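Contents: one structure, followed by commentary.
In this note's numbering, the protein residues as written are 114 to 240.
Take a look at the structure:
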């Protein structure tokens, strides 16, 4: 019970949420895709990419704000880290898997999600 209380402290919760989301992105990025994905609208996967990286930057920005302080420079570095991770994942999908391939459109969607999140967070949550 004491461990749960420690993990649920605001400072620790923010890092756990950010780390878990990062691991989820990595897992889903290298997981074998569905054989016949059923999309409800065109480019649905790009919306998913956008959303994943929007949440990624939001959670890490929240962690920084609560624990390390957040300024424009740190936010820009966070965006660059998100884009770098996105690009490395795409390269990994191309060369380390047999069931996935790299798409520049995914990197663009991820970058737009990360940048949009940073703007949103900085505008509405930065103290």
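Where is the CB? At the ideal position from N, CA and C, for every residue including glycine.
None of these values were measured; they are calculated from a predicted model.
Under 6 angstroms Cβ to Cβ from residue 234, same chain only, skipping five residues before and after it: list those, please. 171 and 174
Can you name, in chain order, every residue of its own chain whose Cβ lies under 7 angstroms from the Cβ of residue 207, other than the five neighbours on each side? 214 and 215
I need the straight-line Cα distance from residue 159 to residue 224, nearest angstrom please. 11 angstroms
When the Cα of residue 126 is compared with those of 178, 227 and 212, which residue comes out closest? 178
Secondary structure at residue 238, three-state DSSP: helix, strand or coil? coil
Starting from residue 174, trace the alpha helix (DSSP H) both ways and give me its first and last residue. 157-180
For a test of the three-state rule: what should DSSP assign to residue 223, helix, strand or coil? helix
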